[in-house]
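Residue numbers (the working numbering): 2 to 466.
Right under this line is the structure:
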């Protein structure tokens, strides 16, 4: 357990301010680079001071968003950093360009605007990612920690302690546990009953209290009063069993808070629009060049075995509805194609079909499915109807993977879970990754999966057969 004797530092509250000053410096560096790169800025020279001032003032709301997230969160993921950065840059663009128009100042050319914000986005991302890495390293040295006590000694309190201890970069110094009735099996540092909490907080500079006891309103009111009286941050940790450990979303019905156990960012109409727009643009560009691939592949398929060029198979899609999934045919026409997966040395495969599978070229016709709206570029891979029928009864949350459109590639595939599922654990791991993708979707995650898919295709995948 972290010791209370770790080196304190009284200037931790200034770290977010330093980050924000760094953000402003990046903003001005990016602006300076753009002014240097684009001579046409000379026409706005008489108004350069006003434009520079508006540029910096417009960034203040973005700084407010960033400061709040940095101040309130200690366990920060890189995906969160990227999301906040995109929000900051987008908000700045909206405010800055609106002010330029309202004040009738010279409007920058479109290519200048796009170049500036692209450069700003890249520089801010690099700065913030590097800055968070340095901050976590700084905390691992024992600085910028926050003193914490946990109320409760049950399983939830122990799980919380393990998560806090998992990475010293979070910067939690856990002083110990308070509980009126210590639970059997507890081996942590017991500090006493809840009646002793106030005296301990006053003499040990405790900054956060995590309450992990359920169904005891009397002790809860005592602890919240102590937290209020000493201006200590209070966090209530719900008693969630292990079987429900996943990302939650908090909602309200009137004044009553309720939690949803299945988070799906793609229920948001803006996120769906963004993902569908990417699908349409990406698949449309690909299909413009598709004949260059289709013609030679179709000729080879026809020359190596009788049958159609495309293999059309009914697969389970969005919300469990079936659709015809397209692939280049890689097997001889057979009666078991809708029941049995291909194996490494499957005698049904043609020699050219084996090449198509190993290079993943057989999946390319699915861009037509994407353009039609049956599939997405990224999502859980669609399974044949027989698999859906069998695995629904065998694998927990199997049908949850159909809460979004199936994809040409997915999070499970880039993590090695593609191809043959001859053992149950392989399908279980694939479903785990699919559900994680659904609950943690971001546009950046889709881009990451696309890039990793291309890299894997170039390197060759051992499970592609």
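In this text, a Cβ means the ideal position worked out from N, Cα and C, and glycines have one as well.
Predicted model only: the values in this text are computed from it and were never measured.
If only complete runs of 3 or more residues are kept, the region 357–432 shows the beta strand (DSSP E) at 377–379 and 408–410, in order along the chain. Rounded to the nearest angstrom, the gap between the Cα atoms of residue 273 and residue 458 is 27 Å. Looking at the DSSP output, residue 323 sits in a beta bridge with 317. In the DSSP annotation of this structure, residue 186 is not part of any alpha helix (DSSP H), being labelled neither H nor E. Under the three-state reduction of DSSP output, residue 308 falls in the coil class, being neither helix nor strand.
Residue state for residue 90 is assigned as helix, using DSSP reduced to three classes. Annotated as distal: residue 86 and residue 120, with beta-carbon spacing of 8 Å or more.
By the Cβ neighbour-count rule, residue 191 is exposed, with fewer than 16 other Cβ atoms within 10 Å of its own. Bridge pairing for residue 209: 149 and 234 [DSSP].
Judged by their CB atoms, residue 360 and residue 305 are not nearer to each other than the 8 Å cut-off.
Residue 268 sits in a helix when the DSSP states are folded into three classes. DSSP lists no beta-bridge partner residue for residue 108. Looking at the DSSP output, residue 197 sits in no beta bridge, so it has no partner there.
About 13 Å separates the beta carbons of residue 417 and residue 382, which is beyond the 8 Å limit, so they are not a contact pair. Counting along the chain, residue 33 sits inside the alpha helix (DSSP H) bounded by residues 16–38. In the three-state DSSP reduction, residue 171 falls in the helix class (H, G or I). For residue 157, the uninterrupted alpha helix (DSSP H) run begins and ends at 156–166, by DSSP. Contact check for residue 444 against residue 267 fails: the beta carbons are separated by 8 Å or more. Ranked by Cα distance from residue 375, the first of 389, 316 and 424 is 316.
CA-CA distance, residue 389 to residue 280, rounds to 25 Å. By the Cβ rule, the region 134–151 counts as touching the region 166–184, because three or more pairs are nearer than 8 Å.
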